[in-house]
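Q: Input: one structure, supplied below.
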Amino acid sequence: KQSFTGMGEGVIILCLNPTTGSIVLVWDGRKHVDISFYILDNQQETEPFINALLDHVDNKLKVALRDDMPRGTGRVINFASDIRSAEELKEFYNSLGDLVQKD
5 KQSFTGMGEG
15 VIILCLNPTT
25 GSIVLVWDGR
35 KHVDISFYIL
45 DNQQETEPFI
55 NALLDHVDNK
65 LKVALRDDMP
75 RGTGRVINFA
85 SDIRSAEELK
95 EFYNSLGDLV
105 QKD
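Sequential numbering from 5 applies to the sequence shown in my numbering.
Have a look at this one:
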């Protein structure tokens, strides 16, 4: 876990789970929140997740734009075999620590 200060307003929250998927929440520090999530199980419904999130924040947020994207873009399709294993992901994210300057 790392925290950085003096980078501006707002917040970015990132949660990575190699068995479930990932979610990125970006708040601009004012009125705008973006939530992007990727679910490994293609059959899993997203509506319960969205409703649970809205209930958790007492419906103070509303869905202004929702884009459901298929896996991949253009002519690219991400097969399960293309997705890195938990160990490969761990190695990858550990390697990112080398990019962060430490004071």
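All C-beta atoms in this analysis are idealised placements derived from N, C-alpha and C, irrespective of residue type, glycine included. On a predicted model such as this, the values are computed, not experimentally measured, just so you know.
#1: Quick one, which of 50, 68, 13 and 35 has its alpha-carbon nearest residue 24's?
#2: Please work out which residues of its chain come closer than 7 angstroms, Cβ to Cβ, to residue 15, disregarding the five sequence neighbours upstream and downstream, and give them in chain order.
#3: Can you tell me where the beta strand (DSSP E) holding residue 63 begins and where it ends?
#4: Identify which residue in 62, 94 and 44 has its Cα closest to the Cα of residue 86.
#5: Residue range of the alpha helix (DSSP H) that residue 99 falls in?
#6: Alpha carbon to alpha carbon, how far is residue 60 from residue 66? Give it in angstroms, no decimals.
#7: Look at the alpha carbon of residue 55 and the alpha carbon of residue 6, and state the distance between them as a whole number of angstroms.
A: Answer, in terms of the structure:
#1: Comparing Cα-Cα distances from residue 24 to each of 50, 68, 13 and 35, the minimum goes to 50.
#2: Excluding sequence neighbours, residue 15 sits near 31.
#3: Counted as a single uninterrupted DSSP element, the stretch harbouring residue 63 is not any beta strand (DSSP E), since DSSP gives it neither H nor E.
#4: For residue 86, the nearest C-alpha among the options comes from 44.
#5: Run containing residue 99: 90–100, per the alpha helix (DSSP H) assignment.
#6: Looking at the two C-alpha atoms, the distance is approximately 12 angstroms.
#7: CA-CA distance, residue 55 to residue 6, rounds to 30 angstroms.
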